[in-house]
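Numbering (my numbering), first residue to last: -4 to 230.
Each residue gets a CB set at the ideal place from its N, CA and C atoms; glycine is no exception.
To start, the structure itself, in structure tokens.
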């Protein structure tokens, strides 16, 4: 190994990433992940990349054929390094969005072996996130913070408190409506945003960061459920 460079990327406190340059000059992307680790986060992208989905960067296998290895308290995963820019800082073209749609459709429709997907969680429409937001809205009524940015944010959230609580209420009602229906789950990348869409030097698109995947409602089924909720009115 010639050089290891820390990369200040991502907002996951359980993950650190590095650029690793070997003695032959080859660059690799090293991810160290602590805490909960889902094997499917490496096996699913490897499986769909092997199907010919070029927009997915598969992890590199170890000498024993594993897609990850233990390193102290971390799981270490190695990928080819791609010099890139993200989809937030760079405008994606219509062709890029078309490719993105094709990959997601493939992910949702591919019958991946249960040996790979058996430990992937399923959407339960838990109230945990909603309760966290409500507790935070209560907290800022008495705790505004001292730093100027915190004070400004607290004032903004207070001004939107009624609106936020209304959205939470509607979300809770929607969850009840959906739970009453037969659910059509598909495999989903659960952290899809512009920072996880990257373009390389040749403008090729890649979808990265598969650490959080879940079985959830398909886009079509979710849209149908929302339409039903709107027509039915409050529960």
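Whole-Å CB distance - residue i paired with residue j, under 8 Å assumed
i, j, result
"residue 179", "residue 36", "That belief does not hold up - the Cβ atoms of residue 179 and residue 36 are roughly 23 Å apart, past 8 Å."
"residue 202", "residue 188", "Residue 202 to residue 188, Cβ: 11 Å. No contact."
"residue 95", "residue 192", "7 Å"
"residue 128", "residue 163", "6 Å"
"residue 250", "residue 153", "There is simply no residue 250 to check, as the chain begins at -4 and stops at 230 in what is shown."
"residue 14", "residue 2", "6 Å"
Classification of residue i by the beta-carbon crowding that lies within 10 angstroms, buried from 16 upward
i, result
"residue 54", "buried"
"residue 204", "buried"
"residue 92", "exposed"
"residue 70", "buried"
"residue 150", "exposed"
"residue 211", "buried"
"residue 177", "exposed"
"residue -1", "exposed"
"residue 229", "Caution applies to residue 229, whose pLDDT of 49 falls short of 50 and renders its modelled position unreliable; the model cannot decide the point."
"residue 40", "buried"
"residue 137", "exposed"
"residue 38", "buried"
Length of the line joining the Cα atoms of residue i and residue j
i, j, result
"residue 59", "residue 165", "51 Å"
"residue 175", "residue 116", "20 Å"
"residue 21", "residue 82", "25 Å"
"residue 63", "residue 111", "14 Å"
"residue 52", "residue 61", "16 Å"
"residue 85", "residue 147", "29 Å"
"residue 78", "residue 158", "42 Å"
"residue 114", "residue 141", "44 Å"
"residue 224", "residue 200", "At residue 224, the pLDDT of 47 sits below 50, so the modelled position is not reliable; the number obtained from the coordinates is stated separately. The straight-line gap from Cα to Cα measures roughly 36 Å."
"residue 109", "residue 130", "38 Å"
"residue -3", "residue 18", "5 Å"
"residue 196", "residue 190", "16 Å"
Within 8 Å, strictly: CB atoms of residue i and residue j
i, j, result
"residue 16", "residue 26", "no"
"residue 23", "residue 66", "no"
"residue 126", "residue 209", "no"
"residue 50", "residue 98", "yes"
"residue 171", "residue 102", "no"
"residue 182", "residue 107", "yes"
"residue 68", "residue 121", "no"
"residue 80", "residue 194", "yes"
Min CB distance residue i to chain D below 8 Å
i, result
"residue 114", "Going by chain labels, chain D is absent from the structure shown, which holds only one protein chain."
Counting only runs of 4+ residues fully inside the region 64 to 144, write out the alpha helix (DSSP H) ranges in chain order. 89 to 104, 109 to 112, 123 to 134
Runs of beta strand (DSSP E) lying entirely within the region 0 to 31, each at least 3 residues, in chain order: 10 to 16, 22 to 28
Return the chain-ordered ranges of every alpha helix (DSSP H) run that is complete within the region 143 to 211 and spans a minimum of 4 residues. 143 to 154, 156 to 174
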